[in-house]
Each structure stands twice: as C-alpha cells, then as structure tokens.
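**Student:** Take this structure first; my questions come after.
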Amino acid sequence: MPTNFTVVPVDDAVGGSHSSAAAGSAKPSTLGQLFREEQDGDSSPEALTGDDVPRESSPFINSDNDTDQSYDGKNMALFEEEMDSTPMVSSLLNKLANYTNLTQGVREHEEAEDGVPRVTVTVPQMGTFIGVYLPCMQNILGVILFLRLNWIVGTAGILESFAIVSMCCICTLLTAISMSAIATNGVVPAGGSYYMISRSLGPEFGGAVGLCLYLGTTFAGSLYILGTIEILLLYIVPTASVFPEGDNESMLNNMRIYGTCCLVLMALVVFVGVKYVNKLALVFLACVVLSIMATYAGVIKTVIGPSEVTFCLLGNRTLRSDMFDTCAKTLTVNNQTVTTELWSIFCNSSHLNATCDEYFEVNNVTEMPAIPGLLSGVIKDNLWGEYGKGGVFIEKKDELSVPVQKTLPVNNVYNMNDIATYFTLLVGIYFPSVTGIMAGSNRSGDLRDAQRSIPFGTIMAIITTSLIYISCVVLFGACIERVVLRDKFGFSVKKIPVLGILAWPSPWVIVIGSFFSCCGAGLQSLTGAPRLLQAIARDGIIPFFQVFGHGKSNGEPTWALLLTVAICEIGILIASLDAVAPILSMFFLMCYLFVNLACAVQTLLRTPNWRPRFKFYHWTLSFLGMSLCLSLMFVSSWYYALVAVVIAGSIYKYIEYKGAVKEWGDGIRGLSLNAARYALIRLEEVPLHTKNWRPQVMVLCKLDTDLAVKHPRLLSFTTQLKAGKGLTIFCSVLEGTYMTRGAEAKTGEQNLKAAITAEKTKGFSHVVVTSSLRDGFSMLIQAAGLGGMKHNTVLMAWPAAWKQARGSLPRRNFIETVRETTEAHQALLVAKNIDHFPSNQERLKGGTIDVWWIVHDGGLLMLLPFLLIQHKVWRKCTMRIFTVAQMDDNSIQMKKDLQMFLYHLRLNAEVEVVEVHDSDISAFTYEKTLVMEQRSQMLKQMQLSRTEREREIQSITDVSRGSIKRKKTPADHFPLILEDEVAVAQLIHDRNTASHLTSEKAAGTTPDRVHMTWTKDKLVQEKNKQRESLGVKDVFNMKPEWENLNQSNVRRMHTAVRLNNVVVQKSKDSQLVLLNMPGPPKNRKGDENYMEFLEVLTEGLDRVLLVRGGGCEVITIYS
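Residue numbers (the working numbering): 4 to 1122.
Rendered as structure tokens:
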C-alpha cells in the first residue's frame, strides 16, 4: 500500500483578490495527517491568516466570513470537529492491539523479593494443558482418593458409591459450566474466581462468596495437613508417636501435635519463599500421576496373577495383622505344636492349656487373600452397602461364626469401625475430593487465552477426574475384599494403605506419592488463601478486614497469612480428617452455589454486558447446579450447612446495610414504596459502571392532528431494542398552554399508553404542553426520570419533511435536540425511514445488520445490534462490522485487531475493513455543494420581513386583477401568482446577479438589493432565462462558481458522498444500517447545511439508524 500521494488543495474564497484556482497546484500529503489533533495556533480564534482575517474556531461549517481552516484531509471531514473526543477507529484498534491481561499476584511477589517493585508486563504463555488442565487435575485428585475412597466403597458399596461420586461430579460439572460462562464473559484479570463472582453479583454476594471460598481454602489446608500427618504417623514413621497407641484419643493428640508443627513449618515456607512452592508444583503433580498409574497397573496385575497379600479372620471378625506375624492359633515345628503370637494375645499364657477368650476357642482362624482379583467375582459381594455404628467389629458376613456370651479384653486386636457410618456422612467426606475446579480460573492472569482455556481445560479436567473416580470405585469393588475395603487405616493388611496393597510395583509408590501430594496441596492452600483474603480486604467491602490488605514491601500478605494459620489451626485441633471434610464441603458448596446463582441471574436478566463466549450453558443448568449444591449441603451435614448459610447471610447483610437505617411502612404498599424509594436512592449513591450500562430510552413521539401516534413503528423498534428491560419513557410535546390544551394532553397520553400496550412493551408515557416544541424537547431531556432512574438515550424519528416545511423550524428543532443530548451526555438514536422498520409480528428470514464504525464514541454501535439480535424479530440476522481504513492505515492489521477486539467483547460478527483512499473531489460533489449553498442562500433571503413581502404580493395581485378586468379573460388562463412563486422568482434574479458580487467587493462598492415589482411577463421571462442558462451550462463553465464555494462545505460534502458510496455498495441490501452520526456544527451559521450532509450520507438506504454516543463507554471487554 503506498504511503504518499498527491492531493489538490482547495482554499476557501474570501475575496476576489485572495481566491485562487486550486486545480493547477499540487500538495503532497499523507492521510496520517488527516485526523491529527489541530495545533493550538490553528484552532485558536486569535490565529490570523495572511490578510489579518481571524480563522474559524469551529471548522465544521464555515460562516460567510470564514477563511480556510488548515486541515489537510477531506475523507472524514464530517467528523473533524470531534476528533478529540471521538477518535478514529484505526487509532482505537491500535491501542487495543497492545492489550494484555495482567499476571498473578504471586508472580509479582516473587519478582519483588529484593524490595524494589518492578512493573514488567509480559505476554502470558500458559496454554490450556499447562495452565488449566494440570492444575485442576492436581487440586481435584488428592488425599481423599488415596486415604478414604476405598473405605467409602467398602462401606457404601459399589452402587451407592457410584451415586455419591456421580452426584458430586455432576455438581462440579454444572458449576464448571456456569463458571465457564462467567469466565468467558469478558477478559478476567488476575483475581480468579473471587473476581468473577464479585464482579458478576456485586459486592454483597462477592464478599459473602469470597469469604466462603477463603474459609473453604483455609480448611482445605487443614485437611491436607491432617492427611500428611496421618500418612507420616501410620505408614512412614509409626514409631514417632508422642502418645502411645492404645485408644483413638491418643491418635488424635498425636495428630494435633504433629499437625501444628507441620502447619508452622509450611507457614514459614510460604512466608519465606513462595516461588519454591510454585516450582515444586510439577513434582507434586508427578507424584499424583505416578500413584494413579501404579494403581491401574496393580489392577492389571490381578488379572495376570493373584496378589500375595492376605488378611486374617477369627470366625467372621477381621484381626489387626500388624500385631502378629502368623494367622494361626498354633504351628507345628519339628513335630511339636507351639503357640503363636495370636495365641498369646487371646490367652493368658503361651501354653496350650492356658485360659483363652471364649470366642477365640470356639472359632477358627482363617487366612484369606485380600485382593482376590478382577476376575474373582468379588464384585457381586461389594455391590451393596454395609453401614454400622462406631466401635463395632468389621465382619465378613458370609463366614461362619459361633457367637459367645462373653469375651475377654484383647488389646484392640480386632479391626473395628472408628466412627458410625451412614450415607450422608460419606457424601460430606467425599465431596472435598472433587473440589479444586477453580484452579484454572485462579490462574486467569497467566493464561495465553483465558476465554478459551478456562472452559475447555476445567471441563476436561472434571471429566477426566470423574472417570478416574468412577473407575476406581468399580475397580476397587471388583478386586478387593469388602472387609479390607472397610479397613480405613489398613490395619488388617500389616498397616499398609489399602490402595498400596493394590498398587504395583510397591506400596511405597502410594505412600510416598500421597505424602508429597498432600504436602503440596497444603502448601498451595496456605499460598492461595491469604492472597484471596488480601484481595477481599483491598476491595474494601468489609471495613474491619482492611488490615489484612497490608503486608510486606513486596506485597506478600503477612497479616492475612497469620489469620489463615490461626483458622487452619482450628481444623488441626479437630484432628480428624473425617470431621474436617464436611466443614470444607460446606464452604465450597456455598461458593459453587453462588457461582451457579450468578450465571442464572445474569442469564435471566439478559443484561447487555452478559455475552459469554462459552455458549453451552443455560439458566436451567445453573439452577439445577444451584439446587444440587444446596441439597448436598444439607445432605452432608444439616447443622454445618446452617452455620455456613448464617455466616454467608450475615456477611451479605453487613455489607448491604452497613450504615443504612431501615424504615417500615404500613401494609404491603408501604413496603413496596419504601423498597422503591430505597432502590432509587441506592442507584444515585454509586456512579453507574460500564458493565451495568444498558440503554434507558426516552422516545420522542410525534402525535398527529387526531392525537394518535404518528410513527407506531418507533414503539415497535423500542420494544425490539429493550425487550422489556430497563427504563423506557415515551414522551410527546404539544404546542400551546396547559390551560387551553390540558385535556388534549391527557387524551394524547391515553392514546400513547394504548399504543404502548398494543406494542406489548413496558414503559411510562408522558405528554407535556409548552409554548414551543423546542422548549418541550429541552425540558424532557433535562427533567425526565426520577432519581437514579433517568434516561441515558434519546430515540427519535428523522424529520423527513424538513425540506418541504415553509420555515426552518423543524430543522432547528432537530439540530437543537442533537445539541442538547450531547450537552446532557446522553446517547441519541435517529431512525430514518422508521415506517419501513419491521413490526413486532414480523420475523425477518435472515439478512445482516451492518454497523459502520467510523469513530469510536463509547461503543454504543457495537451494543445495539447485539441487543436487537436477542429479539425474535431480528434473531436470524447476522452482524457485520465495517470500518474505514485510510492510506496510512494497515488494513490487514486493522482487521486482525478488530477481530481480536470483538473476540474480547464476546460479539460474533463478520469484520470488513473498507479502504477509502484520498481522492480528488469530484464534479458531482461540487455540484451537490453548489445546489446546497444556493438553496441555503434562497432560504436566507426568504426570511424577509412579513410587511415587505406582503407589500410586494399586494402590488402583484393588484396588477393581475387589473389585467383580468381589462381583457375580460377567463381566470383559468391567468392564474394568480402564488406567494412562494414570486419569492422564488425574486431569488432567481438575485442569484443570477450574485456572480457580480465578488468583483464589486473588490472594487470597493457595495451593491444594493434590487427589489422588482413582478408582472407575469417578467416572471416568465426570468424563468426562461434561468432555464436556458442551466441548459447550456456544463462542468467546465461551472468551475468559476465552484471556486466561490465554501471549501469547508466542499470537504464535508466530499466525506458524505464518499461514505455514502461505500455504504450503499456494501449495505444496500442489509436489513438495517447503523452509522456514526456526525455532530452538528459548533458554528450555528452552518446549521442549514448539516441536514443536507446527513441526507447525502444516508441516501439510497432503506432502514438507517444514526447513532451518536453519550460521551461515556457503554461496552467493556471485562467481566
């Protein structure tokens, strides 16, 4: 694409001595100069030209005294006055192309360890697999899988375990779908799930959910630390117990001591070196993967050959094999019968005649394989559940057993249930194993493309882990004996974890893998929870939490870490993994409930900012997920659920009502009025955020002589645009006084309400009576609405008959309305050919809605087609966006930038960049400008005083009547000369003499206006002369008149003609064309030309919506 070209400069003619023909000279220029901001000297009213004539300060349309504004371009001259506030699209896209989302807070802390904050923005390079899939897998697969899943299967059976796993996985899958919709509803900066929920549901819900998520993450740290200590004391270093083994309380005390020490050690690691935690994440993940692979390898091995691991039964009761070596009462050694360690446990001596436990004497000791294998048929025995109370024996029901009346104490050699078991308890214990689905969204700032990676990576991780859990449930039940599965701690198999005896090649793979997995998960919980609390504190939504927003100089959340350690210690003091798990489940379920609620509310409200790129969601799925979360909460533990609800509700109410005073009225209506008043006051307290912006429309309706709505399709279009959401005010103005036209105003308002009802829209109607339409429009724009419920957009029909009107009142009313909406920072929508717009009963079969995005004035052009396509009338239409590239613009890069911008906006549209190269101004443009200026001059001269015009008309009428009386000719042969015809004839004569004005000015003479008393002969003669002159004029002999044209008007006419050509070429057959509406001239002397420019700009198009932004951003790429 060339970067330099030649343009022909055309200067405004000020006088004969200073006017120059531009056709002969050439001036090199580049289009990059066309839209630059003007220099102070050029735009200042005091800047003088060479002839000491002040330059115009408003170069849009020059007055008669204007000289040329130094402006190099002409392609976008219609928009040049507003370039400072509404930049060209190319410059906006250039800025957006450099956008990148921020990195996570943890990375910032790592980079600032030297105490010197470094602001380094890099492009995130993490993809779906590394950034989302693996972190979710690591967080989901953990302590419950290795330490409790076999116990759940043995207690609940395969079928009920399958139901537990399915319910929990479906709950997280539905939550992930809702979270994906929220995560793809805009660019999610660093902040993760808390940021998404709080920005979607507001500070009240955000604070409640944020604290639930924080407490859940903190108690998850307790759970992982308890799992770490359980593995350490039971399987790795069993001799390290401080309290001797003997009862359950000793074990809990050991857990408390070692758990506290482990918590302090982990807290120090997090405080000193966060980066080491992140670097070890892959090591911890590798441990998890290796452990799972070893488990599946062990299952395959059971098909090849049976396992050598056995367990011991006394009667039908399982025994703790870690307390003896041989599963037998006696052994034969050298033909002698000797007793075993088991005999010594049940008898008072090792002799054969010793007194033994009665149950030991009457029942046999049996050794059985712990893992019969995949093909053994043991799956039939494990289908159904077997619950029991705490302290009862774990028995194999199909084995023979002789009951006895009394047994001796045998030092806990029997394997027994440590707690009472029931279905709902198992649900609460299992649910933490499916949490961790937000690990990917928490890394949103580190992802290359969060909107693609979070949904796909999270859902795939959930599907993968769900298959792993379900397969483990089935495989455990198909390979392992039930009594071994019910052995929570592996006491019946030499104190080896049950999953370990199944794993291949060694149980130590599971022991070491699960140990490091729990350590890593605990460290990550202690790393993430303080930062989450710090984010909540820095939001300032909970005042007394603000102290936790502070930390070290590098931003490390020191105070938040201390609080996290204190809360985590509460879980450690509980000391039981089975007791902490339901607490953890409550808070995560509460968080997931609010995620589903956020998605359902946003979908049902259909807020304009709700445009998720993830399309596979529905409010019914979110509602189902929300119901399932609530059900699981109360199923798991109803009292924990109540505590969690009370905590969340208290936080919500505290944030919502802090400092507010409640007032109660009488009756339901009083409550409604109080709620409405409170809501209106709240709306005014906080400025509206871009995400919450929706068009609150005031529709300026015109009533005909019967006081009926003249353009009912305007109401239809409002319905299609609003879909009954938000505020809509339908207004009309009657001229006169309220005393004389009050009844008509009420009638008009009733007719307006009837039309609103007929169009099935919702809104308010209002008809006012003022001395002029102009004052009425101004009053409505300023005063309509109440409190925070005020309109931000004005919708009106194009004044189609402005050219046919006798005076300039319709034109002036329209232009002043445009000015006042701009001054009030309100958007303006002008529907041209409104009667051609579809009704609410029509269904467009297809087609396109074309957006011509020339300048950026807030993004309303992007939002309107999206809102229209939501309505059934426009639903089958597709959206196309056109933007204009200049010579210096890289159109290929512009298209890529625009596509990326639309991707971040979650808008589906075809993109096309139209290259409008600078070119010479055509003869057609000059002719259009000439006709426009001649018409403007005629209209100015027609503004004679009424007395002067009446005097001329009276004299012409007298002459005509005298001629009729003398010749006695029928009246139809000599029609009366009409007032407008006389005026036009006078103007024709004046225009024919206008070409002499320049030379007369140069000579220093000022010609007087020639007033002619017209007869019919003179009128005909003048018309014929004009017709002949027009007939012989061609392009060449019109050039002298072109040189006298206002060149600022020529440039703007050139813009209108060029844009109209490309718009008609591309969008002639489209269902609707949306176009940036250039602003009216700041110089009011050029008002009469403004309407002409808009007419030329939209000529040849059927349905057009001219859009003018309100000066604020109405669409955002953020969630």
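Where a beta carbon is used, it is the ideal one built from N, C-alpha and C, also for glycine.
1) Since Met589 and Ala647 are thought to touch, with beta carbons under 8 Å apart, how far apart are those beta carbons, to the nearest angstrom?
2) According to DSSP, is Val273 helix, strand or coil?
3) Does the Cβ-Cβ distance between Pro698 and Thr796 come in under 9 Å?
4) Write down the C-beta distance between Val568 and Leu229 rounded to the nearest angstrom, noting that I regard them as a contact closer than 8 Å.
5) Would you kindly work out how many angstroms separate the C-alpha atoms of Glu913 and Lys728, rounded to a whole number?
6) On the three-state DSSP scale, how would you describe Ser775?
7) Around the C-beta of Ile307, are 16 or more other C-beta atoms found within 10 angstroms, so that it is buried, or is it exposed?
8) From Ala1132 to Glu659, what distance separates their C-alpha atoms?
9) What does a CB cutoff of less than 6 Å around Arg716 pick up in its chain, not counting 5 residues either side in sequence?
10) Which whole-angstrom value describes the C-beta separation of Asn1079 and Asp860, a residue pair presumed to lie in contact below a C-beta threshold of 8 Å?
11) For Ala270, does the count of other Cβ atoms within 10 angstroms reach 16, so buried, or fall short, so exposed?
12) By how many angstroms is the C-alpha of Cys602 removed from the C-alpha of Ser1?
13) Kindly list the residues whose CB is nearer than 6 Å to the CB of Ala184, restricted to its own chain and excluding five residues on each side of it in sequence; keep chain order.
14) Using the Cα positions of Gly525 and Thr623, report the straight-line distance between them to the nearest angstrom.
15) Can you tell which of Phe363, Gly388, Val381 and Ser444 has its C-alpha closest to the C-alpha of Val405?
16) Which class does Ile732 belong to by DSSP, given the choice of helix, strand or coil?
17) Around the Cβ of Ala758, are there at least 16 other Cβ atoms within 10 angstroms (buried) or fewer (exposed)?
18) Suppose you measure from the CA of Val649 to the CA of Tyr642; what does that come to, to the nearest Å?
19) Can you tell me the Cα-Cα spacing of Lys392 and Tyr261, whole angstroms?
20) Rank Asn754, Ile732, Val604 and Leu737 by C-alpha distance to the C-alpha of Ala711 and give the top, closest one.
21) Would you list the residues sitting across from Pro372 in a DSSP beta bridge?
22) Grab the span of the beta strand (DSSP E) containing Lys835 for me, first residue to last.
23) Is it right to say Tyr238 is buried, meaning 16 or more other beta carbons lie within 10 angstroms of its own, or is it exposed?
24) Is the number of C-beta pairs between the region 467 to 484 and the region 153 to 171 that are closer than 8 Å three or more?
25) Between the region 543 to 557 and the region 300 to 318, can you find at least three pairs of beta-carbon atoms closer than 8 Å?
26) Gln339 bridges to which residues according to DSSP?
27) Under the assumption that Val772 contacts Gly745 (Cβ atoms under 8 Å), give the Cβ distance between them as a whole number of angstroms.
28) Here's a check: name, in chain order, each residue in its chain whose Cβ is nearer than 7 Å to the Cβ of Ile1120, leaving out the five neighbours to either side.
29) Under 8 Å, with one C-beta from each stretch per pair, do the region 515 to 523 and the region 197 to 207 reach the 3-pair mark?
30) Let's see if you can read the secondary structure: which residues bound the alpha helix (DSSP H) around Met799?
31) How about Arg259 and Ile432: are their beta carbons less than 9 Å apart?
32) Is it right to say Arg949 is buried, meaning 16 or more other beta carbons lie within 10 angstroms of its own, or is it exposed?
33) Pairs of beta-carbons, one from the region 1074 to 1091 and one from the region 1103 to 1111, closer than 8 Å: are there three or more?
34) Grouping DSSP H, G and I as helix and E and B as strand, with all else coil, what is Asp853?
35) Pull up the CB-CB distance for Val1065 and Val919, whole angstroms please, since I reckon it's below 8 Å.
36) With DSSP run on the structure shown, which of helix, strand or coil describes Met79?
**Tutor:** Taking the structure as given:
1) Taking the first residue of the sequence shown as position 1, residue 589 is located at position 586. Taking the first residue of the sequence shown as position 1, residue 647 is located at position 644. Contact flag correct, Cβ pair sits at about 4 Å.
2) In the sequence shown, counting from the first residue as 1, residue 273 sits at position 270. Of the three classes helix, strand and coil, the one that applies to Val273 here is helix, per DSSP.
3) Indexing the sequence shown from 1 puts residue 698 at position 695. Indexing the sequence shown from 1 puts residue 796 at position 793. Going by C-beta atoms, Pro698 is nearer than 9 Å to Thr796.
4) By one-based count along the sequence shown, residue 568 stands at place 565. By one-based count along the sequence shown, residue 229 stands at place 226. Incorrect: roughly 15 Å between the Cβ atoms, too far for contact.
5) Indexing the sequence shown from 1 puts residue 913 at position 910. Indexing the sequence shown from 1 puts residue 728 at position 725. In this structure, the CA atom of Glu913 is about 27 Å from the CA atom of Lys728.
6) On the sequence shown, position 772 is the one that residue 775 refers to. Here Ser775 sits in coil by DSSP.
7) Counting from one through the sequence shown, the residue named residue 307 turns up at place 304. Around the C-beta of Ile307, fewer than 16 other C-beta atoms lie within 10 Å, and the residue is accordingly described as exposed.
8) With the chain running from 4 to 1122 in the structure shown, residue 1132 is simply not present.
9) Here the question's residue 716 lines up with position 713 in the sequence shown. Listed in chain order, the non-local C-beta contacts of Arg716 below 6 Å within the same chain comprise Ile837, Asp838 and Phe840, local neighbours out to five positions each way being set aside.
10) Position 1076 of the sequence shown, counting from 1, holds the residue named residue 1079. Position 857 of the sequence shown, counting from 1, holds the residue named residue 860. Their Cβ separation, rounded to whole angstroms, is 7 Å, which keeps Asn1079 and Asp860 in contact under 8 Å.
11) Indexing the sequence shown from 1 puts residue 270 at position 267. When all chains shown are included, Ala270 counts as buried.
12) Since the first residue shown for the chain is 4 and the last is 1122, residue 1 is missing from the structure and cannot be characterised.
13) If you number the sequence shown from 1, residue 184 lands on position 181. The residues are Cys602, Pro615, Phe617 and Tyr620.
14) Mapped onto the sequence shown, residue 525 falls at position 522. Mapped onto the sequence shown, residue 623 falls at position 620. The alpha-carbon separation between Gly525 and Thr623 amounts to approximately 36 Å.
15) Locating residue 405 in the sequence shown gives position 402, where the first residue counts as 1. Comparing alpha carbon positions, the residue from Phe363, Gly388, Val381 and Ser444 closest to Val405 is Phe363.
16) As a working note, residue 732 is residue 729 in the sequence shown. Strand, per DSSP.
17) Translated into positions along the sequence shown, residue 758 becomes position 755. Of the other Cβ atoms in all chains shown, 16 or more fall within 10 Å of the Cβ of Ala758; this residue is therefore buried.
18) For the purposes of this step, residue 649 is taken as residue 646 along the sequence shown, with counting starting at 1. For the purposes of this step, residue 642 is taken as residue 639 along the sequence shown, with counting starting at 1. Their backbone Cα atoms lie some 11 Å apart in a straight line.
19) Position 389 of the sequence shown, counting from 1, holds the residue named residue 392. Position 258 of the sequence shown, counting from 1, holds the residue named residue 261. Rounded to whole angstroms, Lys392 to Tyr261 spans 29 Å at the Cα level.
20) What you label residue 711 is simply residue 708 of the sequence shown in a count that begins at 1. Residue Asn754 is the option with its Cα nearest to Ala711.
21) Against the sequence shown, residue 372 aligns to sequence position 369. Looking at the DSSP output, Pro372 bridges to Thr313.
22) Taking the first residue of the sequence shown as position 1, residue 835 is located at position 832. Segment Ala830 to Lys835, the beta strand (DSSP E) holding Lys835.
23) Walking along the sequence shown from the start, residue 238 turns up at place 235. Classification for Tyr238: buried.
24) Cβ pair count under 8 Å is three or more, so yes.
25) Between the region 300 to 318 and the region 543 to 557 there are fewer than three inter-stretch CB-CB distances shorter than 8 Å, so the stretches are not counted as touching.
26) Numbered from 1 along the sequence shown, position 336 holds the residue referred to as residue 339. For Gln339, the beta-bridge partners assigned by DSSP are Val336.
27) As a first step, residue 772 is located in the sequence shown; it is residue number 769 there, counting from the start. As a first step, residue 745 is located in the sequence shown; it is residue number 742 there, counting from the start. With 8 Å as the limit, Val772 and Gly745 qualify as a contact, their Cβ atoms being about 7 Å apart.
28) Taking the sequence shown and counting its residues from 1, the one referred to as residue 1120 is at position 1117. Once the five neighbours on either side are set aside, the close Cβ partners of Ile1120 are Gly189, Val190, His907 and Leu908.
29) The region 515 to 523 is not in contact with the region 197 to 207.
30) Stepping through the sequence shown from its first residue, residue 799 is reached at position 796. If you look at Met799, you'll find it isn't in any alpha helix (DSSP H); it sits in the beta strand (DSSP E) that goes Thr796 to Ala800.
31) Here residue 259 refers to the residue found at position 256 of the sequence shown. Here residue 432 refers to the residue found at position 429 of the sequence shown. No, the pair does not count as a contact, with Cβ atoms beyond the cut-off.
32) As a first step, residue 949 must be located in the sequence shown, where it is residue number 946. The predicted model places Arg949 with a pLDDT of 45, which falls under 50 and marks its position as unreliable, so this point remains unresolved.
33) Output reads yes: the region 1103 to 1111 touches the region 1074 to 1091.
34) If you number the sequence shown from 1, residue 853 lands on position 850. Strand.
35) What you label residue 1065 is simply residue 1062 of the sequence shown in a count that begins at 1. What you label residue 919 is simply residue 916 of the sequence shown in a count that begins at 1. Correct: roughly 6 Å between the Cβ atoms.
36) The residue you call residue 79 lines up with position 76 of the sequence shown. DSSP, reduced to helix, strand and coil, places Met79 outside both helices and strands of the structure shown, so it counts as coil.
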